[in-house]
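Heads up: the sequence shown at position 235 corresponds to 234 in numbering that gives the first Met the number 0, and the numbers run straight through without jumps. Note that CB positions come from ideal geometry on N, CA and C, so glycine has one too. What you are looking at is a predicted structure, and each value in this text was computed from that prediction instead of being measured. Heads up: the structure comes next, in structure tokens.
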Amino acid sequence: MPKPHGGRLVNREVPEHKRERFLEQAGELPTLNITEGQAKDVENIAKGVFSPLEGFLLQEDYSNVLDEKRLSNDLPWTLPIILDVHNDLNVRIGDAITLSYKDRPLALMQVEEVYKYNKKEFAQKVYGTLDVRHPGVAKLRDMGDLLVGGKITLVREMETPFSKYNLRPVETRVLFKEKGWRTVVGFQTRNAPHLGHEYVQKTALTFVDGVFINPVIGRKKRGDFRDEVILEAYNVLIEHYYLKDRAVMSILPFEMRYAGPREAVFHAIVRKNFGCTHFIVGRDHAGVGDFYPPYAAQDIFDEFPDLGIIPLFFKTFYYCKKCGGVVNEKICPHGEEQHVKFSGTRIRELLRRGQRPPREMMRPEVVDVILRSGNPFVE
């Protein structure tokens with residue numbers, strides 16, 4: 000099992016026996032209300048998901064991440080984890096403040112820096128575009144003009160209907176060890192599973208001890224599957240089509256940035272912290288629209304020989320009617336007339352009309368779950 004990124008798992012959670020005292024302290028401090036995405040970042044920092052971060056980035060690390068895709072200590076790190084505030088907010092260096100979500104204290108923060116940043120530079124370097132059709136660029140327009148850096152301490156978790164699926168890295172590492180898994184492949188998803196997803200997971204599983212299915216739970220773009228649909232669909236898939244001692248599912252509460260290549264590397268780092276030795280990177284991983292070349296999210300890994308987790312690249316795969324199963328471009332000799340491509344767009348169109356995708360695209364048990372949900376998509 001790999002060491003956590005940076006060498007140790009961060010723990011910035013208040014112990015249970017000290018919680019009441021910290022909550023009292025939180026009630027006495029100036030309060031900054033944060034968004035759902037920022038609140039998820041706070042929890043991921045505190046629980047070690049974003050190890051080695053202990054808080055929101057200071058300016059030196061922020062600049063280095065933008066320019067070099069690394070922290071200032073040269074550790075690979077590709078997404079800025081930042082807390083933005085508006086100019087009229089009275090936050091000073093040295094302040095202790097409470098970070099609240101939905102008017103409930105979530106964490107304490109020690110303000111170490113307050114600094115300006117350039118939104119256009121951020122957009123160009125992180126998303127590779129200034130086009131406001133990109134959801135990340137569009138979000139930047141409404142963000143504050145200042146960034147606050149400093150360590151956080153989680154005093155209370157957010158309320159979530161998915162808590163039973165929410166394992167910390169320290170817990171997944173114990174679980175993998177108990178199962179005797181020395182090698183684990185992580186799989187990121189924000190979709191209900193079709194046969195192509197199952198194919199890449201099981202192909203990778205052929206060479207490792209276990210698969211860690213890690214759906215992203217949180218704010219997504221319009222047209223994505225709803226969180227509860229994704230979880231129920233994977234539950235039924237694992238129940239009927241996976242060996243029970245070879246697959247584990249846990250959620251990643253995280254707001255997608257749709258940053259393509261940079262986000263693919265970040266997703267790998269996160270799974271390394273959970274204890275994965277390998278990570279599946281597919282076509283257009285973490286992309287949106289046509290903002291990134293199809294395999295840019297795979298090519299970027301050449302820049303990080305010191306990442307500490309092995310990426311597994313999958314390119315073209317499809318169902319071949321002649322072969323009678325899911326295949327890829329290296330093993331199938333038949334022409335395109337025999338191929339059924341795994342088109343997420345087509346699958347969603349069929350499901351929106353209440354129609355069943357063919358068995359060559361999606362397991363019938365998964366289709367049943369989706370159609371029973373009524374409206375399976377984010378509106």
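{"Check": "Spatially closest choice to D83 from T77, H333, Q37, by CA coordinates", "Outcome": "Q37"}
{"Check": "Reduced DSSP secondary structure (H/G/I, E/B, other) of V113", "Outcome": "strand"}
{"Check": "Buried or exposed by the 16-neighbour rule on C-beta atoms within 10 Å, applied to L129", "Outcome": "exposed"}
{"Check": "Exposure label - T97; buried when at least 16 CB within 10 Å", "Outcome": "buried"}
{"Check": "N- and C-terminal bounds of the alpha helix (DSSP H) containing Q58", "Outcome": "58 to 67"}
{"Check": "Straight-line Cα distance separating V280 from A267", "Outcome": "9 Å"}
{"Check": "Spatial distance of D144 from T188 (CA atoms)", "Outcome": "32 Å"}
{"Check": "Three-state secondary structure (DSSP) of I389", "Outcome": "With the chain covering 0 to 378 only, the question about residue 389 has no answer from this structure."}
{"Check": "First through last residue of the beta strand (DSSP E) which encompasses H338", "Outcome": "338 to 340"}
{"Check": "Beta-carbon separation (whole angstroms), A258 vs V125, contact threshold 8 Å", "Outcome": "6 Å"}
{"Check": "Buried versus exposed call for R297 [16 or more other C-beta atoms within 10 Å across all chains shown]", "Outcome": "In the sequence under discussion, the amino acid at residue 297 is Gln, which differs from the Arg named in the question. Q297 should be labelled buried."}
{"Check": "Residue range of the unbroken beta strand (DSSP E) whose run includes H133", "Outcome": "First-last for H133: undefined, no H or E at that position."}
{"Check": "At least three beta-carbon pairs within less than 8 Å, the region 167 to 186 to the region 202 to 213", "Outcome": "yes"}
{"Check": "Simplified DSSP assignment, three categories, for I369", "Outcome": "helix"}
{"Check": "Local conformation of P310 per DSSP, three classes", "Outcome": "strand"}
{"Check": "Distance between F341 and Y318 (C-alpha atoms, nearest Å)", "Outcome": "8 Å"}
{"Check": "Where K106 falls: helix, strand or coil (DSSP)", "Outcome": "For clarity, residue 106 is Ala in the given sequence; the question names Lys instead. The answer is strand: DSSP assigns A106 an E or B state."}
{"Check": "Under the three-state DSSP convention, the category E328 falls into", "Outcome": "coil"}
{"Check": "K220 and P134 closer than 8 Å at C-beta", "Outcome": "yes"}
{"Check": "Outcome for S162 when other beta-carbon atoms lying within 10 angstroms are tallied against a minimum of 16", "Outcome": "exposed"}
{"Check": "Spatial distance of L74 from G127 (CA atoms)", "Outcome": "22 Å"}
{"Check": "Delimiting residues of the beta strand (DSSP E) encompassing T77", "Outcome": "Note, T77: premise wrong, no beta strand (DSSP E); not H, not E."}
{"Check": "Classification of K321 by the beta-carbon crowding that lies within 10 angstroms, buried from 16 upward", "Outcome": "exposed"}
{"Check": "Helix, strand or coil at I92 [DSSP, three-state]", "Outcome": "coil"}
{"Check": "Start and end residues, beta strand (DSSP E) containing Q354", "Outcome": "No beta strand (DSSP E) contains Q354, which DSSP labels as neither H nor E."}
{"Check": "Distance between S62 and D87 (C-alpha atoms, nearest Å)", "Outcome": "24 Å"}
{"Check": "Sequence-distant residues of its chain with Cβ nearer than 7 Å to A25 (five each side left out)", "Outcome": "T97, P104, L107, V154"}
{"Check": "Helix, strand or coil at V228 [DSSP, three-state]", "Outcome": "helix"}
{"Check": "Cβ pair count under 8 Å reaching 3, the region 188 to 198 against the region 160 to 177", "Outcome": "no"}
{"Check": "Cβ pair E249, Y114 closer than 8 Å", "Outcome": "With the sequence shown as reference, residue 249 is identified as Ser, and Glu is not the correct amino acid for it. Not in contact: S249 and Y114 (Cβ atoms no closer than 8 Å)."}
{"Check": "Helix, strand or coil at F265 according to DSSP, with G and I counted as helix", "Outcome": "helix"}
{"Check": "E158 classed as buried or exposed, judged by whether at least 16 other C-beta atoms fall within 10 angstroms", "Outcome": "exposed"}
{"Check": "Rounded C-alpha distance that separates D60 from I330", "Outcome": "45 Å"}
{"Check": "Distance CB(P168)-CB(L56) smaller than 8 Å", "Outcome": "no"}
{"Check": "Three-state secondary structure (DSSP) of F253", "Outcome": "coil"}
{"Check": "Assigned secondary structure, E409 (DSSP; H/G/I helix, E/B strand, else coil)", "Outcome": "With the chain running from 0 to 378 in the structure shown, residue 409 is simply not present."}
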